[in-house]
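>
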Amino acid sequence: MRFMRQVSNLLDDEHRASISLLDRVDRALAGRDEVALKELAQPLVRQLEHEVTRHFRFEEQHLFPRMDEAGDGDLAALLAEEHDTLRAVAEELLPLARRLSGGALAAPDRTTLMRLANEMVERQVAHIQKETMALLPMLDDLLDDDSDRELAFAYAADA
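Numbering that gives the first Met the number 0 puts the first residue of the sequence shown at 0, with every later residue one more than the last.
#1: How about the stretch 113-129 and the stretch 76-93: do they share at least three Cβ pairs that are nearer than 8 angstroms?
#2: Of the residues Ile18, Ala76, Arg23, Asp147, which one's Cα is nearest the Cα of Asn8?
#3: Taking contact to mean at least 3 C-beta pairs separated by less than 8 angstroms, is the stretch 123-137 in contact with the stretch 66-82?
#4: Measure the C-alpha to C-alpha separation of Pro42 and Leu20 and round it to an integer number of angstroms.
#5: Closest to Ala87 by CA distance: which of Gln123, Leu134, Gly70, Gln60 is it?
#6: Can you tell me the Cα-Cα spacing of Ser100 and Glu38, whole angstroms?
#7: Leaving out five residues before and five after Leu141 in sequence, what residues of the same chain have Cβ atoms less than 8 angstroms from its Cβ?
#8: Is Phe57 buried or exposed, if buried means 16 or more other CB atoms sit within 10 Å of its CB?
#9: How many whole angstroms separate the CB atoms of Leu150 and Val6, which I take to be in contact at a CB cut-off of 8 angstroms?
#10: Pop quiz: Asp139 and Phe2 are said to be a contact at Cβ under 8 angstroms. What is the actual Cβ separation, rounded to whole angstroms?
#11: Suppose only complete runs of 4+ residues qualify. What are the alpha helix (DSSP H) ranges in the stretch 105-129, listed by chain order?
#12: My output table needs one value for Arg31: the three-state DSSP class, helix, strand or coil.
#13: From the DSSP output, in three-state form, read off Ala69 for me.
#14: Tell me, to the nearest whole angstrom, how far the beta carbon of Val44 is from that of Val120; I am working on the premise that it is less than 8 angstroms.
#15: May I ask you to report which of helix, strand or coil DSSP gives Asp22?
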């Protein structure tokens, strides 16, 4: 799906990349494929660091306030609450994923990593679906050409 606004398309591209990675992580977890999981550890670290910092921050600072002003504050609050939950999971998962990318994990840590990775996959996929179906199309009305261009440049500069 392509959207009318640059910002929507930028975020959608990132969502699609996240879904692709999360799907591979999910398959590795389901198959208990520790080799594949180790290979995915570094991409997962990069994705989590990016998602829970730059991407979430951009939405919270630039998009959610506009949603609130337009009368969609309940959705903005729900998405922000999900960001907080995802940040909490990422905070626990990141150190384990970093350690896995650098070597093996002890059995208890592997179990914890698998539990947290499963939770992250489930929560993040659902969150992305919500944003794709509700937030991104809403930006067509919330942003005009100038604000869309300005926000797209600001987001790209923060990369």
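Ideal Cβ positions, reconstructed from N, Cα and C, are used throughout, including at glycine.
So, from the listed chains and residues:
#1: yes
#2: The residue labelled residue 8 in the question sits at position 9 within the sequence shown. Checking every option, the nearest Cα to that of Asn8 belongs to Asp147.
#3: yes
#4: By 1-based counting over the sequence shown, the position of residue 42 is 43. By 1-based counting over the sequence shown, the position of residue 20 is 21. Between Pro42 and Leu20, the C-alpha separation is close to 8 angstroms.
#5: Indexing the sequence shown from 1 puts residue 87 at position 88. Of the candidates Gln123, Leu134, Gly70, Gln60, the one whose C-alpha sits nearest the C-alpha of Ala87 is Gln123.
#6: To locate residue 100, count along the sequence shown from 1; it is residue 101. To locate residue 38, count along the sequence shown from 1; it is residue 39. Rounded to the nearest angstrom, the two C-alpha atoms are 7 angstroms apart.
#7: Residue mapping note: residue 141 aligns to position 142 of the sequence shown, counting from 1. If we look at Leu141 and ignore the five residues flanking it on each side, its Cβ neighbours are Leu62, Arg65, Met66, Ala69.
#8: Residue numbering aside, residue 57 sits at position 58 when the sequence shown is read from its first letter. Per the 10 Å Cβ criterion, buried.
#9: In the sequence shown, counting from the first residue as 1, residue 150 sits at position 151. In the sequence shown, counting from the first residue as 1, residue 6 sits at position 7. About 5 angstroms; that satisfies the 8 angstroms criterion.
#10: Counting from one through the sequence shown, the residue named residue 139 turns up at place 140. Counting from one through the sequence shown, the residue named residue 2 turns up at place 3. Indeed they touch by this definition, with Cβ atoms about 7 angstroms apart.
#11: 106-129
#12: Looking up residue 31 in the sequence shown gives position 32. Correct three-state label for Arg31: coil.
#13: On the sequence shown, residue 69 is found 70 positions in, with the first residue counted as 1. Coil.
#14: Stepping through the sequence shown from its first residue, residue 44 is reached at position 45. Stepping through the sequence shown from its first residue, residue 120 is reached at position 121. That pair is no contact at about 15 angstroms.
#15: The residue labelled residue 22 in the question sits at position 23 within the sequence shown. Helix at Asp22.
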